[in-house]
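To start, the structure itself, in structure tokens.
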Amino acid sequence: MKVLLLDTAFAAAPIYDALVAADYEVWVMGNRPQDLLAQRARGRWIEQDYSDAVAVETKVLAGGFARVIPGCTDVSITTCAHLSVMQGHMDAGDINTAISDKARFREISARIGMRAPRVVKPEALPAAGRLICKPVDAFSGRGISVFEASEPGALRRALDIASAASPSGRSVIETFVEGQLYSCSGFLERGHLVDTFYVIEGSSANPFAVDTSYVTDEVSPTYRAELEKSLETLAAELKLADGLLHTQFILAEDGAYVVEVSRRCPGDLYSLLIEFSTGYPYAARYASYFVGGRMAASPGSRRHILRHTVTSGADSVYGGLKLDRSLPTHSFFPLLSMGQRLLARQGNRAGILFCEAPDRQELIKMYRRFIERQAYRVD
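Using this note's numbering, you'd call the opening residue of the sequence shown number 3 and step up by one each time.
Here it is as structure tokens:
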């Protein structure tokens with residue numbers, strides 16, 4: 003079967019590799035010739051901005067592609083949802099928008115009774131407590147700010163920050179929930195969530211962008227059951243197609259508050275975090291739903307793997323990475339060459355680092371060192 007992967011960046015490499023290993027004729031599309039998959043695919047790279055759904059549709063039909071697989075970007079899954087060849091094989095465009103637009107998703111979560119932050123209207127301010135303001139259509143923590151609801155002028159500043167990062171200029175104000183951020187990744191099968199993985203997600207450089215994470219069993223069975231039941235209710239409400247459902251949530255004292263959900267494969271090699279930690283072929287399972295196959299998969303042996311995005315606390319010229327010698331490195335995926343500019347607060351990234359601890363206790367200690375930015379330095 004001839005298939006097209008709508009992503010050429012490094013994060014989509016596990017998806018590409020899984021499709022190639024399954025003997026599909028895999029082509030890729032993107033407009034950056036320096037990208038990893040544009041280089042790896044060679045003659046099977048199509049140079050095209052895949053945000054242009056009309057142009058993508060033309061090339062898909064002309065190229066005779068049987069299926070198109072979204073990669074690890076919001077744009078890729080949005081475009082795929084509007085392609086004629088994918089109708090009936092994934093969520094339609096309006097369903098994808100209902101999930102990805104933060105304001106619309108808040109309306110849906112309130113309607114179905116999902117535990118989640120609640121929307122606050124600007125006219126309700128000033129008020130007591132802290133609020134969080136987000137662009138409805140930005141990503142990677144861009145344009146997000148937390149402010150005191152009682153502070154004069156704070157709302158206007160938050161709205162300006164959010165609007166500047168939003169392609170549509172729209173934002174949403176929500177109650178601020180205190181707690182630890184986690185993700186729940188699982189696969190919908192006939193409306194039921196199966197093969198779920200829970201990951202603790204922390205931030206060391208930018209409070210609104212995850213850079214340190216590991217697979218965990220620490221979420222209580224009660225909170226897991228409540229969360230997964232609400233996600234299945236969401237799936238029934240929107241009639242979601244089978245496939246990945248990735249959720250970020252904040253674990254507070256009284257339960258799990260859903261922040262957002264997505265149907266695309268998470269970036270920054272999240273798929274490898276699951277695979278390295280559990281042996282589960284996450285990227286292959288993700289891709290299987292778009293190509294029409296169903297792949298039986300089960301976890302293997304458990305390993306204590308930590309994933310960290312290497313960044314700098316200040317603008318600098320990247321000259322290499324110096325790890326604490328006690329860190330047991332599993333693998334490193336470089337994203338910058340020496341001599342390139344390394345920007346503060348996750349403005350860009352030097353690479354993705356995976357470390358392996360001998361047990362759970364050491365994994366937690368290692369996580370804290372990375373969160374406190376004591377594990378390495380970049381020159």
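Think of the CB as a built atom: it goes at the ideal place given N, C-alpha and C, for glycine as much as any other residue.
Excluding five sequence neighbours on each side, which residues of the same chain lie with their C-beta closer than 7 Å to the C-beta of Gly66? Walking along the sequence shown from the start, residue 66 turns up at place 64. Around Gly66: Lys4.
Locate the beta strand (DSSP E) running through Gln41, then write down its first and last residues. Residue 41 sits at position 39 when you count from the first residue of the sequence shown. Taken as a continuous stretch (DSSP letters only), Gln41 belongs to no beta strand (DSSP E), being part of the alpha helix (DSSP H) at 38-43.
Where DSSP assigns a beta bridge to Glu358, which residues make up the other side? Position 356 of the sequence shown, counting from 1, holds the residue named residue 358. According to DSSP, which records beta bridges pairwise, Glu358 is partnered with Ile307.
Alpha carbons only, please: which of Ile354, Lys324, Ser328 is nearest the one belonging to Val312? For the purposes of this step, residue 312 is identified with residue 310 of the sequence shown, where counting begins at 1. Minimum Cα distance to Val312 is reached at Ile354.
Cut-off 8 Å between Cβ atoms - residues of its own chain near Asp317, not counting five sequence neighbours on either side: Position 315 of the sequence shown holds residue 317. Within the same chain, Asp317 has close Cβ partners Arg343, Leu344, Leu345, Ala346, Gly349.
Of the residues Leu7, Ser303, Phe251, which one's Cα is nearest the Cα of Phe178? On the sequence shown, position 176 is the one that residue 178 refers to. Looking at the Cα atoms, Phe251 is the closest of the given residues.
Can you tell me the Cα-Cα spacing of Leu323 and Leu274, whole angstroms? Counting from 1 along the sequence shown, the entry for residue 323 is found at position 321. Counting from 1 along the sequence shown, the entry for residue 274 is found at position 272. When rounded, the distance between both Cα atoms is 21 Å.
According to the Cβ coordinates, are His84 and Gly294 closer than 8 Å? Taking the first residue of the sequence shown as position 1, residue 84 is located at position 82. Taking the first residue of the sequence shown as position 1, residue 294 is located at position 292. It is not a contact, given that the beta carbons lie outside the stated cut-off.
In the stretch 119-200, which residue ranges form an unbroken alpha helix (DSSP H) of at least 4 residues, counting only runs that do not cross its ends? 156-167
Taking the beta carbon of Ala104 as the centre, do at least 16 other beta carbons fall within 10 Å, making it buried, or is it exposed? Numbered from 1 along the sequence shown, position 102 holds the residue referred to as residue 104. Just to set this straight, residue 104 is Lys in the shown sequence, not Ala. Label assigned to Lys104: buried.
Between the stretch 36-45 and the stretch 6-15, do three or more beta carbon pairs fall short of 8 Å? yes
What three-state label does DSSP hand Phe251 in the structure shown? As a first step, residue 251 is located in the sequence shown; it is residue number 249 there, counting from the start. Strand at Phe251.
Quick test of the definition: if touching needs 3 or more C-beta pairs under 8 Å, does the stretch 330-343 touch the stretch 132-148? no
By Cβ distance, which residues of its chain are closer than 8 Å to Ala100, with the 5 residues on each side in sequence left out? Here residue 100 refers to the residue found at position 98 of the sequence shown. Same-chain partners within the cutoff: Arg106, Phe107, Ile110, Leu240.
What beta strand (DSSP E) runs, 3 residues minimum, are completely inside the stretch 251-287? 257-264
Alpha carbons only, please: which of Val122, Pro336, Val174 is nearest the one belonging to Gly145? Taking the first residue of the sequence shown as 1, we reach residue 145 at position 143. Residue Val174 is the option with its Cα nearest to Gly145.
Quick one: what's Ser32 bridged to in DSSP? Counting from 1 along the sequence shown, the entry for residue 32 is found at position 30. Checking the displayed sequence, the identity of residue 32 turns out to be Gly instead of Ser. DSSP lists Glu49 as partners of Gly32.
Kindly indicate which residue of Lys231, Asp213, Ala289 has the alpha-carbon position closest to the one of Leu246. As a position in the sequence shown, residue 246 is number 244, starting the count at 1. Of the listed residues, the one whose Cα sits closest to Leu246 is Ala289.
Gly171 versus Tyr52: straight-line alpha-carbon distance, rounded: If you number the sequence shown from 1, residue 171 lands on position 169. If you number the sequence shown from 1, residue 52 lands on position 50. Cα-Cα distance, rounded: 22 Å.
How do the stretch 13-24 and the stretch 58-78 stand: do at least 3 beta-carbon pairs fall below 8 Å, yes or no? yes
Residues that DSSP places opposite Tyr378 in a beta bridge: On the sequence shown, position 376 is the one that residue 378 refers to. In the DSSP output, where bridge partners are listed per residue, Tyr378 has Leu325.
For the stretch 202-210 against the stretch 369-376, are there 3 or more C-beta pairs whose distance is under 8 Å? yes
So, helix, strand or coil for Met92, using DSSP? Residue 92 sits at position 90 when you count from the first residue of the sequence shown. It is a strand residue.
Could you tell me whether the Cβ of Glu364 comes closer than 8 Å to any Cβ of chain B? This model lacks chain B altogether, as it is built from one protein chain only.
How is Leu226 classed by DSSP in three states: helix, strand or coil? If you number the sequence shown from 1, residue 226 lands on position 224. Before going further, note that residue 226 is Arg rather than Leu in the sequence given. Helix.
For Asp93, which of Ala243, Ala167, Phe356 has the nearest alpha-carbon? Residue numbering aside, residue 93 sits at position 91 when the sequence shown is read from its first letter. Closest by alpha carbon: Ala243.
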